[in-house]
Amino acid sequence: MIKHSIEINRPAEEVFAYLDQVDRHNEWQGSLVSTTVETDGPTRVGTQVVERRNVPGGTRDIPYEITQHDPPRKGVVPRHRRPASSRRHIQD
242 MIKHSIEINR
252 PAEEVFAYLD
262 QVDRHNEWQG
272 SLVSTTVETD
282 GPTRVGTQVV
292 ERRNVPGGTR
302 DIPYEITQHD
312 PPRKGVVPRH
322 RRPASSRRHI
332 QD
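My numbering puts the first residue of the sequence shown at 242, with every later residue one more than the last.
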């Protein structure tokens, strides 16, 4: 398992609110070309997203759905069709 953590000198609420703006993820994810949110409304459990990413071999669309969403502490994004998931745990 690969784990990565960073410290951000901002309140947890601000960090989570920024992460919830999936259309801005390309600001900190270099391989992300574009993001399409396929559900209406705010980010929540059930939000469906398709990311277009530059990966070895070309550009791919990678769909995912938010499966846990507990602002401002926890969000889980399982990466279907990939052997990984992304979990964000935010602590004060």
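Note that beta-carbon positions come from the ideal geometry of N, C-alpha and C, so glycine has one too. Predicted, not measured: the structure shown is a model, and the values here were computed from it.
Report task. Provide the residue span of the beta strand (DSSP E) that contains Val291, from first to last. Result -> Run containing Val291: 289-296, per the beta strand (DSSP E) assignment.
Requested in this report: Assign His266 to one of three DSSP states: helix, strand, or coil.
Outcome: Of the three classes helix, strand and coil, the one that applies to His266 here is helix, per DSSP.
Report task. Would you kindly work out how many angstroms separate the C-alpha atoms of Ile336 and Thr284, rounded to a whole number? Result -> There is no way to answer for residue 336, as the model of the chain reaches only from 242 to 333.
Query - Exposure label - Val290; buried when at least 16 CB within 10 Å - result: Val290 comes out buried.
Report task. In the DSSP assignment, find the beta strand (DSSP E) that holds Val274 and state where it starts and stops. Result -> Run containing Val274: 273-278, per the beta strand (DSSP E) assignment.
Query - Of the residues Pro297, Thr277, Val296, the one placed nearest Thr288, counting alpha carbons only - result: Comparing Cα positions, the closest option is Thr277.
**Report entry** Residue range of the unbroken alpha helix (DSSP H) whose run includes Glu255
**Finding:** Glu255 -> alpha helix (DSSP H) spans 253-260.
Query raised in the report: Does the beta-carbon of Val286 have 16 or more other beta-carbons within 10 angstroms, so that it is buried, or is it exposed?
Result: Looking at its Cβ environment, which holds fewer than 16 other Cβ atoms inside 10 Å, Val286 is exposed.
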